[in-house]
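In my numbering, the protein residues as written are 950 to 1121. From the three backbone atoms N, C-alpha and C, an ideal C-beta is built for every residue, glycine too. None of these values were measured; they are calculated from a predicted model. Inspection log for the structure reproduced underneath, given as structure tokens.
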């Protein structure tokens, strides 16, 4: 038994490491280090599904104060599925790309099966994030959840919009 206080949920759990570090060196590349932090602390009972997911990741140069790239993830454990709500990517401490994920019921047969039904990409620059999405993808699913068939993740249609203009699909 560990000489630590009892955990709040009454049992010990191992959900992986809080952080991993990868050091990269080579004759052709400058030395750099990638740090990955995971969600592994005691989460609220409704968020237990997100334990072990990546919280954030960053790559630094040999000088740890020089951050080359950072990615921050946002998760929710609502319902029965761990769902990524968003991702923000920074290059040289500047906003580069933001992604937002949506799981609408009406695009997957009226029930939550964990399918990403809308995906928005938002550009960034030295002043921050753009207001409107640069690209939006809508996914439509026709799930079958019955005794003879359980097919809930098969994509029926994908519509891709570049700004406000349709680029692919769009009801065809």
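Helix, strand or coil for residue i? Go by DSSP, reduced to three states.
i, result
"residue 999", "helix"
"residue 1119", "coil"
"residue 1035", "strand"
"residue 1044", "strand"
"residue 950", "Because the pLDDT of residue 950 is 39, which lies under 50, any placement of that residue in the model is unreliable, and the number read from its coordinates should be weighed accordingly. Coil at residue 950, not helix or strand."
"residue 1012", "coil"
"residue 1025", "strand"
"residue 977", "coil"
"residue 989", "coil"
By Cβ distance below 6 Å, which residues in the same chain neighbour residue i in space, the five residues on each side in sequence not counted?
i, result
"residue 981", "973, 1008, 1010"
"residue 950", "For residue 950, the pLDDT reaches just 39, beneath the cut-off of 50, and the residue's location in the model is therefore unreliable, although a value from the coordinates is still provided. For residue 950, where only same-chain residues beyond five positions count, there are no Cβ hits under 6 Å."
"residue 1073", "1044, 1045"
"residue 1020", "1006, 1038"
"residue 952", "In this predicted model, residue 952 has a pLDDT of only 47, less than 50, meaning its place in the structure is not dependable enough to derive any value."
"residue 1075", "1043"
Using beta-carbon positions only, say whether residue i and residue j come within less than 8 Å of one another.
i, j, result
"residue 1035", "residue 1052", "no"
"residue 911", "residue 1108", "Beyond the ends of the chain as shown, which are 950 and 1121, falls residue 911; an answer cannot be given."
"residue 988", "residue 1024", "yes"
"residue 1006", "residue 978", "no"
"residue 1048", "residue 1069", "yes"
"residue 985", "residue 1003", "yes"
In its own chain, which residues sit with a C-beta less than 7 Å from the C-beta of residue i, not counting the 5 before and 5 after it?
i, result
"residue 1077", "1044"
"residue 1057", "1064, 1066, 1090, 1092"
"residue 1122", "No answer is possible for residue 1122: it lies beyond the span of the chain, which begins at 950 and ends at 1121."
"residue 1106", "1089, 1118"
Grab me the residues of residue i's own chain with a C-beta within less than 8 Å of its C-beta, minus the 5 sequence neighbours each way, in chain order.
i, result
"residue 1115", "1108, 1109"
"residue 1081", "1071, 1112"
For the stretch 1035-1051 and the stretch 1016-1025, state whether three or more C-beta atom pairs, one from each stretch, are separated by less than 8 Å.
-> yes
Does the stretch 1077-1086 touch the stretch 1096-1105, meaning 3 or more C-beta pairs lie closer than 8 Å?
-> no
Quick one: complete alpha helix (DSSP H) runs, 4+ long, within the stretch 1050-1096?
-> none
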